[in-house]
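Taking the UniProt record's numbering, the leading residue of the sequence shown gets 1, the next gets one more, and so forth. The beta-carbon is built from N, C-alpha and C at its ideal position, and this holds for glycine as well. To keep things clear, I will list the structure first and then write my remarks on it.
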Amino acid sequence: MKLGRLGVWYSTDKLNGAQLADLIRTVETCGYSAFWYPEARGYESMSLASYLLSKSERLMVGSSIANIYARDAFTAQRAMVSMNSLYGGRFMLGLGVSHIPMVEGLRGHRYDKPVATMRAYLDGIHKDLPADTEAPVLVAALGPKMLALSAEKSMGAVPYNVTPKHTAEAAKILGPNKVLAVEQKVTVETDPARARELGRKELARYLVLPNYRNNWLRLGFTEQDLADGGSDRFIDAMVLWGDADAVRKGLRAHFEAGATHVCLQPVHADGDFAARDRILEALADT
Numbered sequence: 001m002k003l004g005r006l007g008v009w010y011s012t013d014k015l016n017g018a019q020l021a022d023l024i025r026t027v028e029t030c031g032y033s034a035f036w037y038p039e040a041r042g043y044e045s046m047s048l049a050s051y052l053l054s055k056s057e058r059l060m061v062g063s064s065i066a067n068i069y070a071r072d073a074f075t076a077q078r079a080m081v082s083m084n085s086l087y088g089g090r091f092m093l094g095l096g097v098s099h100i101p102m103v104e105g106l107r108g109h110r111y112d113k114p115v116a117t118m119r120a121y122l123d124g125i126h127k128d129l130p131a132d133t134e135a136p137v138l139v140a141a142l143g144p145k146m147l148a149l150s151a152e153k154s155m156g157a158v159p160y161n162v163t164p165k166h167t168a169e170a171a172k173i174l175g176p177n178k179v180l181a182v183e184q185k186v187t188v189e190t191d192p193a194r195a196r197e198l199g200r201k202e203l204a205r206y207l208v209l210p211n212y213r214n215n216w217l218r219l220g221f222t223e224q225d226l227a228d229g230g231s232d233r234f235i236d237a238m239v240l241w242g243d244a245d246a247v248r249k250g251l252r253a254h255f256e257a258g259a260t261h262v263c264l265q266p267v268h269a270d271g272d273f274a275a276r277d278r279i280l281e282a283l284a285d286t
């Protein structure tokens, strides 16, 4: 399984079937190597992956992430094997422990210790897997312990809401021959006020989640940076903006820090899919 340099990350719950198919065609036509999607309150992860794969010819499709509390490890393993058998080895199983509100509040499960729980789940994924069967599993890892587990038990990591500083630290922990697929929000917008307005709207739902806040504090942001929708310094780090050349420079910083793959998340006004597609077209040659 060969993952190319650039991919696209997009929140799929906001799209219906026809809109999803249109997006997949755009991503594939632009030449991106992979499409990544989350699992939150809308589409179920494995059925969505099958639909996305059916609408593409060459595109790799990866869950980023499938919630490990949504299905047991055997079911996730069988889904991974089934889709790669049916769709020519184009599915990547990105796994994550999600967040307490999504696990306890929404699903009614108990949110256990993240690293130990993920370790047990990865063991279950690999249990009784035939020796000649590839296991393209990646882990949503932010902290050093989860990154070390990713290196030990999976193909690599899919960090989200991170900076090149985190990418450099993750690359050191993962070591060589591992996938480091980093998500980065982008908008081709040269007006600082407008770009930051879009960024604050996009980041609002993440600023209340402890997993992300703790990681941002580890990276050197302060509580003041995370207050009141985020400081300009914080927003500018999390959402690359400017003309296409300025955004490309920011994306290259991840590669220089050790990323093997960067997935762009286009940030745009709600429903402005034309703007989304313009962003993807402008940055496809990064």
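8 Å contact criterion, which residue i and residue j should meet: CB distance rounded
i	j	result
Ser-63	Ala-40	Not a contact, Cβ separation roughly 12 Å.
Arg-213	Leu-226	6 Å
Met-238	Asn-161	6 Å
His-166	Pro-159	6 Å
residue 297	Gly-42	Because the chain here runs from 1 to 286, residue 297 falls outside it and cannot be looked at.
Leu-219	Thr-163	6 Å
Gln-265	Glu-189	Going by Cβ atoms, the distance from Gln-265 to Glu-189 rounds to 14 Å, so no, they are not a contact pair.
Leu-122	Ser-154	6 Å
CA-to-CA distance, residue j to residue i, given in whole angstroms
i	j	result
Tyr-37	Ala-269	19 Å
Met-46	Arg-196	34 Å
Asp-132	Ala-274	43 Å
Ser-54	Val-137	20 Å
Ala-259	Val-97	22 Å
Ala-151	Glu-223	30 Å
Asp-191	Leu-198	11 Å
Gly-88	Glu-28	16 Å
Ala-246	Ser-82	41 Å
Lys-185	Gly-124	33 Å
His-126	Ala-76	10 Å
residue 304	Asp-272	Because residue 304 is not part of the residues shown, which for the chain are 1 to 286, the question remains open.
Gly-25	Asp-277	First, the amino acid is wrong: residue 25 is Arg here, not Gly. Near 11 Å, if we compare the C-alpha coordinates of Asp-277 and Arg-25.
Arg-119	Ala-257	27 Å
Bridge partners - residue i, DSSP secondary structure assignment
i	result
Gln-77	DSSP output for Gln-77 lists no bridge partner at all.
Tyr-69	According to DSSP, which records beta bridges pairwise, Tyr-69 is partnered with nothing at all.
Pro-266	Val-186
Val-27	Answer by DSSP bridge pairing: none, since Val-27 is not bridged.
Met-92	Gly-62
Phe-35	Val-8 and Val-61
Contact under 7 Å by Cβ, residue i with residue j
i	j	result
Arg-233	Thr-286	no
Ala-140	Ile-68	no
residue 352	Gly-156	Since the first and last residues shown for the chain are 1 and 286, residue 352 lies out of range.
Val-115	His-109	no
Ser-85	Met-60	no
Leu-3	His-261	yes
Leu-284	Cys-30	For clarity, residue 284 is Ala in the given sequence; the question names Leu instead. Result yes, Cβ atoms of Ala-284 and Cys-30 sit closer than 7 Å.
Gly-230	Arg-200	yes
Leu-147	Ala-170	yes
Distance cut-off 6 Å: residue i Cβ against heavy atoms of the ligand NAD
i	result
Ala-66	As far as ligands go, the structure on display features none, and thus does not contain the ligand NAD.
Residue-level contact to chain C via CB, residue i, 7 Å cutoff
i	result
Gly-4	Judged by its chain identifiers, the structure shown contains no chain C, having just a single protein chain.
Taking the runs of the alpha helix (DSSP H) that are 4 residues or longer, which of them lie wholly in the segment 171 to 253? 192 to 203, 210 to 218 and 232 to 238
My parser needs the alpha helix (DSSP H) runs of 4 or more residues fully inside the segment 103 to 171; what are they? If one requires a minimum length of 4 residues, the alpha helix (DSSP H) runs lying completely within the segment 103 to 171 are 114 to 126 and 144 to 153, in chain order.
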